[in-house]
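Visitor: Attaching a single structure in structure tokens format; questions to follow.
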Amino acid sequence: MGSIKALHLLKPARIATDSFLFNFTKNGISSFPLAIKPKHSTAQRSYSVKSSVLEPPNIPRLAQTARISLTPQEVEEFAPKIRQVIDWFGQLQAVDLQSIEPAIRADTEGDNLRDDIPEKFENREALISAVPSFEEPYIKVPKVLNKE
Amino acid sequence: MLSSIHTPRLLRFSNLKSLKCLSTSQSQPTPLPSTTPPPHSQILTTRKSLLSREISAVDLATTFLHRLNHTEPKIKSFLYISDVVLKEAEEIDRKIAANEEVGPLVGVLIGVKDNICTCDMPSTAGSKILENYKPPFDATVVGNVKECGGIVVGKTNMDEFGMGSTTEGSAYQVTANPWDLSRVPGGSSGGSAAAVSARQCMVSLGSDTGGSVRQPASFCGVVGLKPTYGRVSRYGLMAYASSLDVIGCFGSSVADAGILLHAISGHDKFDATSSKREVPDFASQFVASDHLDSKPLKGLRVGLIRETIEDGVDLEVISSIRGAASHLEELGCTVTEVSLPSFSLGLPAYYILASSESSSNLSRYDGVRYGKQVVADELNSLYGESRAGGFGSEVKMRILMGTYGLSAGYYDAYYKRAQQVRTLVRESFRAALDENDILISPAAPSAAYKIGEKKNDPLSMYAGDIMTVNVNLAGLPALVLPCGFVDNKSVALPVGIQMIGAAFEEEKLLKVGHIFEQTLQGCSFIPPLVADELPC
Numbered sequence: 417m418g419s420i421k422a423l424h425l426l427k428p429a430r431i432a433t434d435s436f437l438f439n440f441t442k443n444g445i446s447s448f449p450l451a452i453k454p455k456h457s458t459a460q461r462s463y464s465v466k467s468s469v470l471e472p473p474n475i476p477r478l479a480q481t482a483r484i485s486l487t488p489q490e491v492e493e494f495a496p497k498i499r500q501v502i503d504w505f506g507q508l509q510a511v512d513l514q515s516i517e518p519a520i521r522a523d524t525e526g527d528n529l530r531d532d533i534p535e536k537f538e539n540r541e542a543l544i545s546a547v548p549s550f551e552e553p554y555i556k557v558p559k560v561l562n563k564e
Numbered sequence: 211m212l213s214s215i216h217t218p219r220l221l222r223f224s225n226l227k228s229l230k231c232l233s234t235s236q237s238q239p240t241p242l243p244s245t246t247p248p249p250h251s252q253i254l255t256t257r258k259s260l261l262s263r264e265i266s267a268v269d270l271a272t273t274f275l276h277r278l279n280h281t282e283p284k285i286k287s288f289l290y291i292s293d294v295v296l297k298e299a300e301e302i303d304r305k306i307a308a309n310e311e312v313g314p315l316v317g318v319l320i321g322v323k324d325n326i327c328t329c330d331m332p333s334t335a336g337s338k339i340l341e342n343y344k345p346p347f348d349a350t351v352v353g354n355v356k357e358c359g360g361i362v363v364g365k366t367n368m369d370e371f372g373m374g375s376t377t378e379g380s381a382y383q384v385t386a387n388p389w390d391l392s393r394v395p396g397g398s399s400g401g402s403a404a405a406v407s408a409r410q411c412m413v414s415l416g417s418d419t420g421g422s423v424r425q426p427a428s429f430c431g432v433v434g435l436k437p438t439y440g441r442v443s444r445y446g447l448m449a450y451a452s453s454l455d456v457i458g459c460f461g462s463s464v465a466d467a468g469i470l471l472h473a474i475s476g477h478d479k480f481d482a483t484s485s486k487r488e489v490p491d492f493a494s495q496f497v498a499s500d501h502l503d504s505k506p507l508k509g510l511r512v513g514l515i516r517e518t519i520e521d522g523v524d525l526e527v528i529s530s531i532r533g534a535a536s537h538l539e540e541l542g543c544t545v546t547e548v549s550l551p552s553f554s555l556g557l558p559a560y561y562i563l564a565s566s567e568s569s570s571n572l573s574r575y576d577g578v579r580y581g582k583q584v585v586a587d588e589l590n591s592l593y594g595e596s597r598a599g600g601f602g603s604e605v606k607m608r609i610l611m612g613t614y615g616l617s618a619g620y621y622d623a624y625y626k627r628a629q630q631v632r633t634l635v636r637e638s639f640r641a642a643l644d645e646n647d648i649l650i651s652p653a654a655p656s657a658a659y660k661i662g663e664k665k666n667d668p669l670s671m672y673a674g675d676i677m678t679v680n681v682n683l684a685g686l687p688a689l690v691l692p693c694g695f696v697d698n699k700s701v702a703l704p705v706g707i708q709m710i711g712a713a714f715e716e717e718k719l720l721k722v723g724h725i726f727e728q729t730l731q732g733c734s735f736i737p738p739l740v741a742d743e744l745p746c
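See below:
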């Protein structure tokens, strides 16, 4: 099916702000993984930050940070996929964004903060019944051991 | 057969009709007489027939439940079906009999995406980590539809936490596309789209972080509306990427999507990003087709986004969109091509922002306060094992990518750059919408694809979101409505056109969409699966 091949890792060339139109190529996705050779990409790209800073993802380390226990099979399965996507993210390194202000979110008319006055939540029982392990008045968890 | 594809400017709508809708092959849907009535508002019809005592709410609900039970084993759009639908319908009949006041959604059967909290039904967001979880409160939008007299039929299937474009990412079941059961309904609000398409309910609520209402609307041949960021309260919507998430509406007509939007819009003190701007009465502008003059959209400037009809997009989709553009010209619009220079950068920027925000938002699922908890002898193992057992692969990978993107030293290279791209995207939309009243594009680069086709190729699935993610980055409203068909061997699959407006200009989109839909002749967007048994 015709999904857009907007995955421009094949040619991670420097792109000027006035011409970062990409050409959609017909063969982008299928041949895409072949193009991901970390050495090649770090050598070819001109990062605005030091490329040495951007090390490829270390999956077990990330999993530990994110508190998700992965099996070795999962590490093996996820690693190439995550690297592929992160390498694809890398195309933004080639765009000159120097004078552009970052936008935290879309323009909104929000920020209608209410006064910081505590309100009693009506359905306390339902809140507590959702807690897997509860002993009035505490939520119970196992011992906190700091391995580090 | 499609020789006219390369003469886009000359492709009049009548030609398209003969190509797509009156196909003489065995394709579905069967040829329709040109007198096929345009879609009507099920909400307004329901209200009228209930108040005139033509039909009871119980009878109406029974008809829908019957069809739901009949079609659900094939489509699997619901994760939970309410057991109090008839009881609620009885209460409505009692109120009407007693001449009590009833709301604008009286008797309307509504499906609710499973990441929108309902206190009387499980709300799992399609994830095992929230299996059987019942929130202690209703989302603001659920409270709104109930107050307006709507009946929540059940909770619809979705990609886990909204992370996917096919609904195959649900931890519970795979939903089928009502037009072709071997294909995906799109996602992540695939259950909500399929349910409306198969007439299992009249309207439904979904959520749209990067296209999750609009792409499934296109795949299932229904109307999908993504409001402006801030138009609708997110309170009670399980957060995926908070700077992009919005709750949206599905209906079988533009009027229904608009009426539902009206019911759920407005400021909510529980969502600081919800706007205090007044909500217009979207329904008041829906003119019946026989009251329209010959050029009802005269003077409207429409910009066709050039980058969305280039290489990589299915030719038949492009042809449908060009046909729709011609139809808009026939209605009096001036259609010109417009370029959004930052368009293709939006996709990686979107995925950086969404995965980064999700890694933070989903840290709340730790097995302590709600959801799945494993037995462990120390706290970090309890977190790690509960999350390992509760999350599916796609969710785990996105959390890991987000964790990477937010890591010390990487933030400037990924998250900040993506936010800078968001500024560019916003500016290019602003410039295009200064020159044009609305912008149009396809809602997806292809029609619905086969179940399993993109399951193991994340980038290929992500690429399918190219048409929609930029709109989320800019926070703009967009309406998707069916405009044609793609012939796929023996099956016709619907194609949707996306209409994008300036912030808080849903009213304009709905007006244009309604006129477009009411004047689009010869197409019927009721899937063959249910068309035979439909007197509604």
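Just so you know, the sequences run in chain order A and B. Every position in the first sequence, counted from 1, becomes a number in the working numbering once 416 is added. Every position in the second sequence, counted from 1, becomes a number in the working numbering once 210 is added. Glycine included, C-beta positions come from ideal geometry on N, C-alpha and C. Treat the numbers as computed from the prediction; the structure is a model and nothing was measured.
1) Let me confirm a value: residue 428 (chain B) is counted as buried when at least 16 other C-beta atoms fall within 10 Å, else exposed. Which label applies?
2) Check residue 273 (chain B) in the structure and name its three-state DSSP category.
3) According to DSSP, simplified to helix, strand and coil, what is residue 393 (chain B)?
4) Tell me whether the beta-carbon of residue 327 (chain B) lies closer than 8 Å to the beta-carbon of residue 446 (chain B).
5) Quick one: give me the first and last residue of the alpha helix (DSSP H) that residue 774 (chain B) is part of.
6) Is the separation between the beta-carbon of residue 559 (chain A) and that of residue 587 (chain B) shorter than 8 Å?
7) Any beta carbon from chain B within less than 8 Å of residue 558 (chain A)'s own beta carbon?
8) Please tell me whether residue 491 (chain A) has its Cβ less than 8 Å away from any Cβ of chain B.
9) What would DSSP say about residue 572 (chain B), mapped onto helix, strand or coil?
10) Express the C-alpha separation of residue 480 (chain B) and residue 320 (chain B) in angstroms, rounding to a whole number.
11) Given that residue 551 (chain A) touches chain B, what residues does it touch there, using C-beta distances under 9 Å?
12) Using Cβ-Cβ distances below 9 Å, what residues of the region 574 to 595 of chain B are close to chain A?
13) Three or more beta-carbon pairs under 8 Å between the region 697 to 709 of chain B and the region 652 to 671 of chain B, yes or no?
14) Hey, residue 511 (chain A) and residue 683 (chain B): beta-carbon distance below 8 Å or not?
15) Closest to residue 747 (chain B) by CA distance: which of B:302, B:323, B:308 and B:324 is it?
16) State buried or exposed for residue 742 (chain B), treating a residue as buried only when at least 16 other CB atoms are found within 10 Å of its CB.
17) Identify the residues that DSSP records as bridge partners of residue 656 (chain B): which are they?
18) Given a threshold of 16 other Cβ atoms within 10 Å of its Cβ, counted over all protein chains shown, does residue 309 (chain B) qualify as buried or as exposed?
19) Any contact of the region 459 to 476 of chain B with the region 353 to 368 of chain B, i.e. 3+ C-beta pairs under 8 Å?
20) Quick check on residue 547 (chain B): does DSSP put it in helix, strand or coil?
21) Going by DSSP in three states, residue 436 (chain B) sits in which element: helix, strand or coil?
22) Tell me which residues share the same chain as residue 235 (chain B) and place their Cβ nearer than 6 Å to its Cβ, disregarding the 5 neighbours each side in the sequence.
23) Please name the residue, chosen from B:282, B:375 and B:253, that lies closest to residue 318 (chain B) on a Cα-to-Cα basis.
24) Take every Cβ of the region 529 to 544 of chain A, pair it with every Cβ of the region 551 to 566 of chain B, and state whether three or more of those distances are shorter than 8 Å.
25) Give a yes or no on whether the minimum CB-CB distance between residue 488 (chain A) and chain E is below 8 Å.
26) Would you mind telling me which residues of chain B sit closer than 7 Å to residue 548 (chain A), beta carbon to beta carbon, in chain order?
27) Would you decide whether residue 454 (chain A) is buried or exposed? Buried here means 16 or more other CB atoms lie within 10 Å of its CB.
28) Could you pull out every residue in the same chain whose Cβ sits closer than 7 Å to the Cβ of residue 642 (chain B), ignoring the five residues on either side in sequence?
29) Per the DSSP calculation, residue 364 (chain B) is bridged to which residue(s)?
30) Quick one, which of B:247, B:457 and B:711 has its alpha-carbon nearest residue 463 (chain B)'s?
31) Compare the C-beta of residue 510 (chain A) against all C-beta atoms of chain B and say whether one is closer than 8 Å.
32) Residues in the region 469 to 485 of chain B with C-beta within 7 Å of chain A's C-beta atoms, listed in sequence order?
33) Which residue from B:619, B:589, B:580 and B:360 puts its Cα closest to that of residue 600 (chain B)?
34) Please report the residue range of the beta strand (DSSP E) in which residue 553 (chain B) lies.
35) Whether or not the region 384 to 393 of chain B and the region 281 to 290 of chain B are in contact is what I'm after, with contact meaning three or more pairs of Cβ atoms, one per stretch, closer than 8 Å; do they touch?
36) Could you tell me which of B:409, B:738 and B:402 sits nearest to residue 424 (chain B), measuring between CA atoms?
Guide: Here's the rundown:
1) buried
2) helix
3) strand
4) yes
5) For chain B, the structure presents residues 211 to 746; residue 774 (chain B) sits outside this window and is missing.
6) yes
7) yes
8) So, not an interface residue.
9) helix
10) If you take the alpha carbons of residue 320 (chain B) and residue 480 (chain B), they lie about 23 Å apart.
11) In chain order: nothing, as chain B lies at least about 13 Å away.
12) 576, 577, 578, 579, 580, 581, 582, 583, 585, 586, 587, 588, 589, 590, 591, 592, 593, 594 and 595
13) yes
14) Here residue 511 (chain A) is not near residue 683 (chain B), since their CB atoms are 8 Å or more apart.
15) Chain B is shown only over 211 to 746; residue 747 (chain B) falls outside these bounds and no answer can be derived.
16) exposed
17) Looking at the DSSP assignment, residue 656 (chain B) forms no beta bridge with any residue, so it has no partner.
18) exposed
19) Contact annotation: the region 459 to 476 of chain B touches the region 353 to 368 of chain B, with at least three C-beta pairs closer than 8 Å.
20) When secondary structure is reduced to three states using DSSP, residue 547 (chain B) falls in the strand class.
21) Here DSSP, grouped into helix, strand and coil, assigns residue 436 (chain B) to strand.
22) Note that residue 235 (chain B) has pLDDT 35, beneath the 50 cutoff, so the model's placement of it is unreliable and the number below is only indicative. Excluding sequence neighbours, residue 235 (chain B) sits near nothing in its chain.
23) B:253
24) With a cut-off of 8 Å, the region 551 to 566 of chain B and the region 529 to 544 of chain A do not count as touching, because too few Cβ pairs lie within range.
25) Annotation note: the requested chain E is absent from the structure, which comprises protein chains A and B.
26) Neighbours of residue 548 (chain A) in chain B, taken as residues at a C-beta separation under 7 Å, are given in chain order as 577 and 583.
27) Interpretation of residue 454 (chain A) is limited by its pLDDT of 34, a score under 50 that renders its predicted location unreliable; the figure taken from the coordinates is listed afterwards. By the beta-carbon neighbour count (other beta carbons within 10 angstroms, threshold 16), residue 454 (chain A) is exposed.
28) 513, 548, 550 and 649
29) B:291 and B:321
30) B:247
31) no
32) 477, 479, 482, 483, 484 and 485
33) B:580
34) No beta strand (DSSP E) holds residue 553 (chain B); DSSP gives it neither H nor E.
35) A contact between stretches requires three or more CB pairs, one per stretch, nearer than 8 Å, and the region 281 to 290 of chain B meets this requirement with the region 384 to 393 of chain B.
36) Check the Cα spacing between residue 424 (chain B) and each of B:409, B:738 and B:402: the tightest is with B:402.
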